[in-house]
Amino acid sequence: MKCVSNKVCYHSKGEAEEALIHLQAKYRTASGGGPTSTYWCPDCGYYHTTSKGEKSATLQSAEVKKRIEVQKEANYWEEKFKGKF
712 MKCVSNKVCY HSKGEAEEAL IHLQAKYRTA SGGGPTSTYW CPDCGYYHTT SKGEKSATLQ
772 SAEVKKRIEV QKEANYWEEK FKGKF
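For the sequence shown, the numbering used here puts the final residue at 796, and the numbers step up evenly by one.
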């Protein structure tokens, strides 16, 4: 699947929300940058992530915030030890 926007396409809103959580853990900066919501694209009929608009309710839940923090910590240690063993 390909979109004229060249963005990654997700089959469902749920799939896009999971990607959003993963991207927040992977690329989140101190300034809170990166994708913060999802939307349905009328050009391709799939969902995309975006940094525009209101922050997704999914990202505001305590459970998801905890998941993001745990994944960020795991990512940190994975990078720290990459190639060390």
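We put the beta carbon where it would ideally sit given N, CA and C, even for glycine.
Rounded Cβ spacing between residue i and residue j (contact assumed at less than 8 Å)
{"i": "K718", "j": "T747", "result": "The Cβ separation is near 15 Å, so there is no contact."}
{"i": "E728", "j": "T749", "result": "6 Å"}
{"i": "K791", "j": "A736", "result": "Contact doesn't hold; Cβ gap of about 16 Å is too wide."}
Residues that DSSP places opposite residue i in a beta bridge
{"i": "T761", "result": "S748"}
{"i": "Y721", "result": "Y758"}
Nearest neighbour of residue i, chosen from the options [CA to CA]
{"i": "K776", "options": "T761, Y757, L734", "result": "L734"}
{"i": "C755", "options": "C720, K793, W788", "result": "C720"}
{"i": "S762", "options": "P753, V715, Y738, K783", "result": "Y738"}
{"i": "G745", "options": "K713, A730, Y757", "result": "A730"}
Extent of the continuous alpha helix (DSSP H) to which residue i belongs
{"i": "V781", "result": "773-792"}
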